[in-house]
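Since the structure comes first, as C-alpha cells, the remarks are kept for the end.
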Amino acid sequence: DADRLLTATAIRCPQVRLVKDATVLPEASYTRSASITGRALTGLVDGRKAVQAFADGATVVFQGLQRYHAPLTGLCAELELELGHPCQANAYLTPPGAQGFALHSDTHDVFVLQTAGAKQWEIHGPDGVEEPLLEPGDVVYFPTGTQHAARTQDAVSLHVTIGINQLTWR
Numbered sequence: 001d002a003d004r005l006l007t008a009t010a011i012r013c014p015q016v017r018l019v020k021d022a023t024v025l026p027e028a029s030y031t032r033s034a035s036i037t038g039r040a041l042t043g044l045v046d047g048r049k050a051v052q053a054f055a056d057g058a059t060v061v062f063q064g065l066q067r068y069h070a071p072l073t074g075l076c077a078e079l080e081l082e083l084g085h086p087c088q089a090n091a092y093l094t095p096p097g098a099q100g101f102a103l104h105s106d107t108h109d110v111f112v113l114q115t116a117g118a119k120q121w122e123i124h125g126p127d128g129v130e131e132p133l134l135e136p137g138d139v140v141y142f143p144t145g146t147q148h149a150a151r152t153q154d155a156v157s158l159h160v161t162i163g164i165n166q167l168t169w170r
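Read in this note's numbering, the sequence shown has 147 at position 147, and its numbers run on one by one without any break.
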C-alpha cells in the first residue's frame, strides 16, 4: 500500500512529508506540479524523487491516513466509537539503519503498530529508559508526553501511529 500510494496515485503534500536525520526535507525536493484541464496542481509527490530520497535514508511519512486509506479509516472510526475521542493515523516508512525523528514527545496519546520490518525504540517512561525491539504485530502505547525515538534495523520498516486526540477542558 505504501508503494502504491507513493508511486501510483496523485498524493500531495501535506499528505506526505519526508524526514531525514530529524530534519523535514523541503517539499520542493520531492514534489512537482502538473495540470488537469488547464488547472494547476501543486505539491504532487514525484514518486521517483521520493523513492530516491528514501534510498538516500529519508523516512516517508504518510499523514492523515484515516482520511484516505480504507483499512485505517475503518480502524480509526471504530476506535473513536470505543474511546469517545477523535483518532488519526500516520505511517512511517523508514529505510534500513535509518531514523526519521530524534527523541520527541507527542501532545496526544499514541499507539504504535509495527507492520513490517523491525524498529529499535527508545522510550523514556516513569521507570526509566526502555529499549524494546518492535517486530510485525507488536503494539506499544505512549501516554501523552512520553519521550520516544526509533531506528530501523537491517530491513525496511513500516509502523503505523494511531493518535488519540483527547477532548479535554484544556
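By construction, the Cβ of each residue, glycine as well, lies at the ideal position given by its N, Cα and C atoms.
Would you list the one or two residues that DSSP bridges to Thr9? Residue numbering aside, residue 9 sits at position 9 when the sequence shown is read from its first letter. Paired residue(s): none; Thr9 is not in a bridge.
Paired residues, beta bridge with Asn90 - DSSP: Start at 1 with the first residue of the sequence shown, and residue 90 comes out as number 90. DSSP lists Thr161 as the bridge partner or partners of Asn90.
Segments of 4+ residues assigned as alpha helix (DSSP H) that fall wholly inside the stretch 33–72: Qualifying alpha helix (DSSP H) stretches, in chain order: 47–55.
Using the C-alpha atoms, what's the distance from Phe142 back to Gln66? Within the sequence shown, residue 66 is the residue found at index 66, counting from 1. Within the sequence shown, residue 142 is the residue found at index 142, counting from 1. Cα-Cα distance, rounded: 19 angstroms.
Could you pull the DSSP bridge partners for Phe142 from this structure? The count along the sequence shown starts at 1 and reaches residue 142 at position 142. Paired residue(s): Val110.
Beta-carbon proximity list for Gly145, same chain, < 7 angstroms, skipping 5 on both sides: Taking the sequence shown and counting its residues from 1, the one referred to as residue 145 is at position 145. If we look at Gly145 and ignore the five residues flanking it on each side, its Cβ neighbours are Ser105.
Between Gln120 and Gln88, how many whole angstroms is the CB-CB distance? I'm expecting something under 8 angstroms. Taking the first residue of the sequence shown as position 1, residue 120 is located at position 120. Taking the first residue of the sequence shown as position 1, residue 88 is located at position 88. So it is not a contact: roughly 25 angstroms between Cβ atoms.
Span of the beta strand (DSSP E) holding Ala149? Within the sequence shown, the letter at position 149 stands for residue 149. Counted as a single uninterrupted DSSP element, the beta strand (DSSP E) harbouring Ala149 occupies residues 147–152.
Less than 6 angstroms between C-beta atoms, sequence neighbours within five positions excluded: which residues of the same chain meet that for Gln147? One-based indexing of the sequence shown puts residue 147 at position 147. Closer than 6 angstroms at Cβ, skipping near neighbours: Leu103, Ser105, His124.
Burial state of Val139, where buried means 16 or more other Cβ atoms lie within 10 Å: As a working mapping, residue 139 is identified with position 139 in the sequence shown. So Val139 ends up on the exposed side.
According to DSSP, is Gly100 part of a helix, a strand, or is it coil? Position 100 of the sequence shown, counted from the start, is the residue given in the question as residue 100. In the three-state DSSP reduction, Gly100 falls in the coil class, being neither helix nor strand.
When the Cα atoms are used, what is the spatial distance from Leu25 to Ala50? The residue given as residue 25 occupies position 25 in the sequence shown. The residue given as residue 50 occupies position 50 in the sequence shown. When only Cα atoms are considered, Leu25 and Ala50 end up about 11 angstroms apart.
Does the contact criterion of 3 or more C-beta pairs under 8 angstroms hold for the stretch 14–28 versus the stretch 56–63? With contact defined as three or more Cβ pairs closer than 8 angstroms, the stretch 14–28 and the stretch 56–63 are in contact.
Cα separation between Leu5 and Ile11? Taking the first residue of the sequence shown as 1, we reach residue 5 at position 5. Taking the first residue of the sequence shown as 1, we reach residue 11 at position 11. Going from the Cα of Leu5 to the Cα of Ile11 covers about 7 angstroms.
Using CA atoms only, rank isn't needed, just tell me which of Ala150, Thr161, Ser33, Arg39 is closest to Gly47. As a working note, residue 47 is residue 47 in the sequence shown. Out of Ala150, Thr161, Ser33, Arg39, Ser33 has the C-alpha closest to the C-alpha of Gly47.
State the beta-bridge partners of Trp121 as determined by DSSP. In the sequence shown, the residue the question calls residue 121 occupies position 121. Beta-bridge pairing links Trp121 to Ala150.
Would you decide whether Pro95 is buried or exposed? Buried here means 16 or more other CB atoms lie within 10 Å of its CB. Stepping through the sequence shown from its first residue, residue 95 is reached at position 95. For Pro95, the number of other beta carbons within 10 angstroms of its own is at least 16, and it is reported as buried.
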